[in-house]
Each structure stands twice: as structure tokens, then as C-alpha cells.
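Undergrad: Protein sequence lines, in the order shown, are assigned to chains B and L.
For the first sequence, the numbering used here gives the first residue as 156, with consecutive numbering after it.
For the second sequence, the numbering used here gives the first residue as 156, with consecutive numbering after it.
Glycine residues also receive a C-beta, built at the ideal position from the N, C-alpha and C atoms.
Protein chains: 2
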Amino acid sequence: MTSPFKTIGDFLRQHDKFAVFAHIRPDGDAYGSTLALTLCLRAMGKDVLACNADGMIERYRFLPGADTLVATPVEAVEADRKIIALDTADQIRLGKVFHGWKRTPDVNIDHHISNAGYAPLNCIIPDVPATAEVLYELIRAENLPFNADIASNLFVGLSTDTGSFRHRQTTARSFEIAADLVRAGADPTDLAQQCYSSFTLGRLLLLREALNDTQFLDDGKISYFHLNNDVYTRTGTSSEDTEGLIESIQMVKTVEVAFMMEKTDEEFTRVSLRSRGKVDVQQIASHYGGGGHRLAAGIRSKLPLAELEAGVIADIRKALAA
Amino acid sequence: MTSPFKTIGDFLRQHDKFAVFAHIRPDGDAYGSTLALTLCLRAMGKDVLACNADGMIERYRFLPGADTLVATPVEAVEADRKIIALDTADQIRLGKVFHGWKRTPDVNIDHHISNAGYAPLNCIIPDVPATAEVLYELIRAENLPFNADIASNLFVGLSTDTGSFRHRQTTARSFEIAADLVRAGADPTDLAQQCYSSFTLGRLLLLREALNDTQFLDDGKISYFHLNNDVYTRTGTSSEDTEGLIESIQMVKTVEVAFMMEKTDEEFTRVSLRSRGKVDVQQIASHYGGGGHRLAAGIRSKLPLAELEAGVIADIRKALAA
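(1) State the start and end residues of the unbroken alpha helix (DSSP H) segment that holds L:Thr189.
(2) Can you tell me whether L:Asn308 is buried or exposed, with buried defined as 16 or more other CB within 10 angstroms of its CB?
(3) May I ask which residues mark the beginning and end of the beta strand (DSSP E) holding L:Gly453?
(4) Verify whether the separation of the beta carbon atoms of B:Ile163 and B:Leu293 is less than 8 Å.
(5) Using a cut-off of 7 Å between C-beta atoms, extract the partners of B:Val337 located in chain L.
(6) List the whole-angstrom C-beta distance separating B:Thr344 from L:Thr325, where the pair is believed to meet the contact cut-off of C-beta under 8 Å.
(7) Does the CB of L:His322 have a neighbour CB from chain B at under 8 Å?
(8) B:Lys237: buried (16+ other C-beta within 10 angstroms of its C-beta) or exposed?
(9) Return yes when the Cβ of L:Gly210 is within less than 8 Å of the Cβ of L:Val229, no when it is not.
(10) Terminal residues of the continuous beta strand (DSSP E) containing L:Phe380?
(11) Does DSSP put L:Glu417 in a helix, a strand or coil?
(12) So, using beta-carbon positions, are L:Leu336 and L:Phe310 closer together than 8 Å?
(13) Name the DSSP beta bridge partners of L:Val426, please?
(14) What residue range does the beta strand (DSSP E) around B:Asp265 cover?
(15) Can we count L:Thr243 as close to the ligand GTP, meaning its CB is less than 7 Å from some heavy atom?
(16) Can you look up B:Arg180 in the DSSP assignment and give me helix, strand or coil?
(17) Is it right to say B:Asp316 is buried, meaning 16 or more other beta carbons lie within 10 angstroms of its own, or is it exposed?
(18) Alpha carbon to alpha carbon, what distance is there between B:Ala341 and B:Arg472?
(19) Quick one: which chain B residues come within Cβ less than 8 Å of L:Met406?
(20) Kindly indicate which residue of L:Phe423, L:Pro300, L:Glu331, L:Asn263 has the alpha-carbon position closest to the one of L:Arg168.
(21) Could you tell me the alpha carbon to alpha carbon distance between B:Leu290 and B:Ala177, rounded to whole angstroms?
(22) To the nearest whole angstrom, what separates the beta carbons of L:Ile239 and L:Pro260, a pair I think is in contact under 8 Å?
(23) When you compare the CB of B:Thr157 with every CB in chain L, is at least one pair closer than 8 Å?
(24) Find the nearest neighbour of B:His254 within the set B:Asp235, B:Ala231, B:Asp265, B:Asn263, judged by alpha-carbon distance.
(25) Tell me which residues share the same chain as B:Leu458 and place their Cβ nearer than 8 Å to its Cβ, disregarding the 5 neighbours each side in the sequence.
(26) Confirm, please, whether the CB-CB distance from L:Val407 to B:Leu356 is below 8 Å.
(27) Over what stretch of residues does the beta strand (DSSP E) that includes B:Arg236 continue unbroken?
(28) For the candidate residues L:Asn302, L:Ile332, L:Ala198, whose alpha-carbon lies nearest to that of L:Ala339?
(29) Quick check: is the beta carbon of B:Asn308 nearer than 8 Å to any beta carbon in chain L?
(30) Can you give the Cα-Cα distance for B:Ser269 and B:Ser441, rounded to whole angstroms?
(31) Using beta-carbon positions only, say whether L:Leu276 and L:Val262 come within less than 8 Å of one another.
(32) Do the CB positions of L:Cys206 and L:Ala174 come within less than 8 Å of each other?
(33) Does chain B have any CB closer than 8 Å to the CB of L:Thr409?
(34) In the DSSP output, what is B:Lys172 paired with across the bridge?
(35) Is it buried or exposed, L:Ala185, if we count other Cβ atoms within 10 angstroms and call 16 or more buried?
(36) Whole angstroms is fine: what's the gap from B:Tyr273's alpha carbon to L:Asp222's?
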């Protein structure tokens with residue numbers, strides 16, 4: 156994939172009205188990237204709609220500009236409002252409401268290797284850890300507005316998608332960028348406290364329930380737990396509170412693949428998978444119509460939970476034996 | 156405090172035999188700093204004894220050079236072997252065996268604000284997050300040997316003492332240093348996996364026990380749990396496995412102070428305290444002869460557990476009300 160910063164930069168300068176999107180069930184990189192680009196474009200004097208299928212979840216309300224992000228409007232926006240999709244490997248993940256507009260994004264900026272480039276203008280750099288890192292390079296290469304609020308949003312995107320600079324794909328460049336973001340005014344410890352130490356008590360209880368449910372198979376190579384509405388009710392939490400839970404059971408050194416199964420509606424079962432390195436969980440997810448990265452992937456399937464569970468375990472075993 | 160890199164650099168160049176130490180109950184910064192300096196001095200052709208009162212614990216055996224670190228020898232070393240204390244605020248924390256030698260360290264390199272400078276040569280920089288960062292600045296300022304193994308040890312010191320670049324005192328400079336260490340050959344994701352994702356199954360069970368015991372007081376401003384020999388036996392763990400446990404209960408946003416109480420012998424009760432920022436836990440620890448930092452401190456006391464627990468809670472309440 157090419158990374159045509161100049162082309163994207165020109166496009167942003169040439170147009171006046173934008174809508175910035177990211178994927179459903181947004182994480183720190185989705186929100187951080189959306190708000191960083193939104194604030195950057197606004198600083199250029201543009202009229203920007205920042206939205207997401209899920210609106211703004213509580214956990215990321217501390218992000219600068221978060222109060223201006225809205226749930227995706229049901230009505231399609233004006234034809235001259237250019238649409239920018241961020242951090243979204245597959246256009247379908249922009250959400251039902253967006254697809255009701257029957258439009259294709261004009262620009263597609265991402266770091267997911269599975270992103271096939273669904274927009275007329277694509278900027279996909281698959282070997283960087285976060286879309287925020289792609290945006291940082293774009294902003295700096297094109298001399299676009301850059302300030303403490305933009306830096307803070309990019310920092311959160313970079314920090315959360317690297318698991319606080321721990322995961323694969325974190326490079327010397329990622330640390331250099333972090334240093335530059337901090338110099339620009341991002342407060343690393345404040346932001347880290349907001350990202351990683353601002354859980355509700357319910358989230359702690361949810362972790363405890365997850366640990367109590369966790370099973371280890373095959374000498375601890377596979378570990379997993381289940382979540383459902385009962386668990387959420389007992390702990391006063393929701394699906395929004397699951398970020399990082401799976402990493403807690405992945406910390407055991409024997410674990411090659413960790414996953415969690417979530418059953419909260421009649422129709423779908425969700426599976427989130429993490430790999431230590433040997434197993435490509437994106438390949439496993441793809442058997443069930445899912446996607447993601449080599450080391451982190453997800454499935455949303457209509458298969459019955461038990462069948463999906465057995466299938467995923469069988470697939471992991473096959474991959475481990477390969 | 157001054158940070159006389161030149162003086163320390165000259166001292167290292169002028170002498171031929173060294174013993175490098177850090178504090179008892181060593182953490183990633185203690186081991187990382189000890190091994191980084193040891194490898195650096197050996198690369199200068201020096202004869203270096205790397206030791207610690209606790210020897211090398213399992214959890215940090217992945218560090219380059221770890222196989223050459225020994226438990227502090229009972230016999231005092233030769234008079235011409237210069238002694239370097241790292242990351243040790245109070246000389247007493249070098250351990251009983253060392254004090255049996257009846258010698259004072261020749262060099263004292265540290266980042267603890269409470270370090271009063273107990274050696275003839277002191278290099279204490281209290282506003283940096285890790286002794287590894289002090290050593291990095293010394294090595295670079297004095298052009299001492301620097302390679303992938305040294306960088307990896309420094310990276311682990313910096314990463315673990317900042318909680319993977321999350322805690323207060325992490326600065327743009329810390330990220331710059333991390334970038335330089337990675338360029339020098341430290342693998343950030345491999346090292347992070349070793350530091351944060353290589354727990355035993357027992358450690359996960361220990362976390363579960365800790366969460367089950369955790370109490371929240373005063374609308375969740377105070378949280379704490381207990382550990383003792385029974386818990387360690389049930390989970391197949393030991394005191395070595397507690398690193399990071401307290402941070403798990405500190406992640407709840409209401410929590411201003413989190414602490415854990417550990418009772419594993421007849422004589423002493425240990426308390427580890429963490430603060431979100433409002434409360435200076437070093438002050439609280441100092442009431443009981445303990446020490447540390449403003450946001451992380453520890454106590455080792457002969458008071459009965461219940462009395463110490465009540466006292467610490469009362470002190471935290473007083474500090475919260477101030």
C-alpha cells in the first residue's frame with residue numbers, strides 16, 4: 156500500500172466540510188484518531204462532524220473534543236461533506252446507520268493489514284501499531300495544525316493500541332512519536348491514568364468474575380472465559396467495560412492463545428482472540444467471517460455459542476500443532 | 156543533589172575491580188540497573204562482581220547477564236574492589252550480608268528523593284522515574300560502552316519503574332531514552348512480554364485471591380487486601396510474585412490510596428502503599444520507619460498486623476481529610 160500523505164494533505168486543504176468516522180465498538184485508537192483529525196481540521200477552519208455508530212462512551216469522555224463527538228446521524232450528510240474513515244479495516248464496521256446513507260467514504264486512513272482500500276483515497280500503513288501513528292506522520296509530513304489537544308488524542312490512540320507500548324509493532328519510532336507528543340503537551344501520566352487506572356468498581360468485579368470463569372486447556376496453552384448479560388448485571392457493567400480483560404488472562408506465560416466469548420443477544424456470539432505470537436488469530440477469525448490482526452482478532456457469529464466455542468478451540472489446536 | 160557524571164565516569168575508568176549491588180527484594184529497575192552497569196564495566200575490561208542479597212529471582216532470569224549475578228557473598232570482598240550501590244535509597248536496604256562486611260559503598264547512584272547520599276560519591280537525580288534513566292544519562296554523557304544487552308537491561312529498568320511508561324515522572328525524555336534503547340537493540344515487545352506477560356498460572360490465581368479479599372473503604376477512596384503464607388501455598392506462589400498486584404486494585408478510579416498487607420513471618424508485617432496523587436504515602440510509611448516515593452512506599456514493621464492496619468488506615472484518612 157502506498158501512503159500518499161501529500162494527496163491526503165491536499166484533499167484536506169481543498170475541501171471545507173468533513174465527517175470523520177471510525178469503527179463500531181470504538182477503542183482508544185478509534186476515538187483518539189477521530190478527535191485528533193477533527194481538531195486538526197477545525198484548526199484549519201473546516202466544518203467537521205465527528206461521529207461514531209456508538210456515540211461517545213463514558214470511558215473516553217476525558218479526550219479533548221469528546222463533547223463534540225455525536226452518534227452517527229440517521230440522515231445522510233450533505234453531498235459536499237467529505238467522509239473520512241479512520242481505523243476501520245472493513246467499511247461494514249462503520250456501522251448500520253452509516254451504511255443507510257448509501258455512501259462510500261472518500262478517504263480511508265488505517266493501519267490494519269486486512270484493509271483492502273475501499274475508498275478512492277487510501278492511506279494504509281500496516282506495519283505501524285496504531286492509526287494514531289499514521290495520522291501523526293500525516294500531520295507532521297503535511298505541516299497540518301498540531302497542538303496539545305491533538306497530541307493528547309494521538310497519544311491515547313498510540314498508547315492504547317500498543318497496550319502502553321508493550322505490544323508487537325511498537326518500534327523506536329513509536330517511542331520517538333510519543334516523546335514528540337509529550338513535548339507538544341500530551342501529559343503521559345495523566346492520560347495513562349485516564350486510560351488504565353480509571354476503571355469503575357464494576358470493572359474490577361468483572362475482572363474477578365472473568366478470572367473465576369477462566370479455563371486453561373492443553374497445559375495452559377489455551378485460556379478463555381465467558382461473559383453474558385448475567386455477569387454484566389451482577390457487576391453493574393456492560394460490554395463497554397471489557398477492554399483489557401482478555402490481556403489479564405493472556406499474561407500467563409504458557410498461554411499461546413487467549414480468548415473471551417460474549418453472549419449478550421439472541422442473534423450473535425462474539426469472540427475476541429489474542430495470540431502470543433505462534434498462532435495467527437486473524438486466520439482463525441476469518442473462518443467465521445471475523446477479522447483483525449495476526450495477534451488480535453475478533454468474530455461476530457450467528458453460530459450457537461457451544462458450537463463456536465468448540466470450533467475455535469479446534470482451530471487453535473490445529474494452528475498450535477502446525 | 157548534583158549529578159556528577161564526569162566524577163563517576165572518572166572513578167569507573169580509574170579502578171579495575173567493582174562490586175555492583177542494589178536493594179533487597181529487587182525489582183526490574185534494581186536488576187536491570189545492576190546488570191546494565193555490570194555489562195558496561197565488563198565491556199571496559201573491568202572485573203565485576205554483580206550481586207544482591209536475594210540473588211537472581213526466577214522472574215528476571217531473562218535479563219542479559221542474569222546468569223552472572225550471584226547472592227551477596229558472606230565474606231567481604233577485597234579492599235580494592237570498589238562498591239557501587241544502585242537504586243537503594245537507604246544503605247540498610249543493601250541487606251544484612253552486605254552490612255556484615257562493615258563497609259560503606261564507594262558510589263551511590265539512585266533516583267529516590269529520600270536518598271541522603273551515604274557514599275563518598277553520590278549521583279542522585281530524584282526527578283527521573285528510574286535508576287536505569289540515571290545510568291543511561293551517565294553512560295551516554297561519559298561515552299561508556301553501550302550495546303544491545305546493556306540497552307535491554309536499561310529498558311527493563313525504565314519500563315518496570317514507570318509501569319510501562321504510565322506512572323508519574325514519565326517524561327518526553329523517558330520516551331526519547333526508550334527510543335534510543337530500542338535503536339541500540341532492546342526489543343520493546345519481547346522485553347515487555349517477559350516483564351508483563353510471563354506470569355505463572357499461580358500468579359493469576361494469586362491475583363484472583365487478592366481481588367476476592369479486597370476491601371473498599373470510604374466510598375472506595377481506600378482499597379486493600381492481605382497476603383499470607385496460606386494464600387501463597389494455595390496458589391503455589393511466594394512473595395516474589397506480588398509485583399503489580401496492588402496496581403490491579405489501584406485501577407479503580409475512586410481509589411486514592413491502595414495498599415496490601417503481607418504477613419509471612421512471626422516478626423514482621425509488610426505494607427506496600429500506592430497513591431493516586433493526593434496523598435503522600437512516603438510520609439505515611441515514614442511514621443512506621445518505612446520509605447519510598449510520594450506515590451509508592453513500603454513499611455516493614457514489628458507491630459501486630461491488626462494494629463498496623465488500623466494505624467495505616469487512620470493515617471490515610473487523616474491525609475485525605477487534610
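TA: Per the coordinate set shown:
(1) 183-198
(2) buried
(3) 451-456
(4) yes
(5) Thr326, Ala327, Phe330
(6) 6 Å
(7) yes
(8) buried
(9) no
(10) 377-383
(11) strand
(12) yes
(13) L:Met416, L:Ile454
(14) 262-265
(15) In the structure on display, the ligand GTP does not appear, and there are no ligands present to speak of.
(16) coil
(17) buried
(18) 43 Å
(19) Tyr351, Ser352, Ser353, Phe354, Arg358, Leu359
(20) L:Pro300
(21) 13 Å
(22) 6 Å
(23) No answer about B:Thr157 holds up, because its pLDDT of 48 lies below 50 and its placement is not dependable.
(24) B:Ala231
(25) Thr424, Tyr443, Gly466
(26) yes
(27) 236-241
(28) L:Asn302
(29) no
(30) 10 Å
(31) yes
(32) yes
(33) yes
(34) B:Asp202, B:Arg236
(35) buried
(36) 53 Å
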